[in-house]
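Participant:
Residue numbers (the working numbering): 108 to 161.
1) Pick helix, strand or coil for residue 133, following the three-state DSSP scheme.
2) Whole angstroms are fine: how far does the CA of residue 125 sit from the CA of residue 108?
3) Using three-state DSSP, classify residue 128 as helix, strand or coil.
4) Report the three-state DSSP secondary structure of residue 144 (helix, strand or coil).
Next up, the structure:
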């Protein structure tokens, strides 16, 4: 949503923290998602991977 509004990752993170408090994702995660979106990767589902879940 914030990406489409041309907000920066930092601004999006600030707004998410304002809305969700401590349960909001980290600023680093927010930057990583924005980078994916910038690269045209809009699939938000987790990729399948082998091994035990973390």
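The beta-carbon is built from N, C-alpha and C at its ideal position, and this holds for glycine as well.
Just so we're clear, the structure is a prediction, and the values are computed from it rather than from any experiment.
Facilitator: Reading from the atomic positions:
1) As a first step, residue 133 is located in the chain shown; it is residue number 26 there, counting from the start. Residue state, collapsed to three classes: coil.
2) Stepping through the chain shown from its first residue, residue 108 is reached at position 1. Stepping through the chain shown from its first residue, residue 125 is reached at position 18. Between residue 108 and residue 125, the C-alpha separation is close to 15 Å.
3) Here residue 128 is taken as the residue at index 21 of the chain shown, counted from 1. Reduced to three states, the DSSP call for residue 128 is helix.
4) One-based indexing of the chain shown puts residue 144 at position 37. In the structure shown, residue 144 adopts helical secondary structure according to DSSP, grouped into three states.
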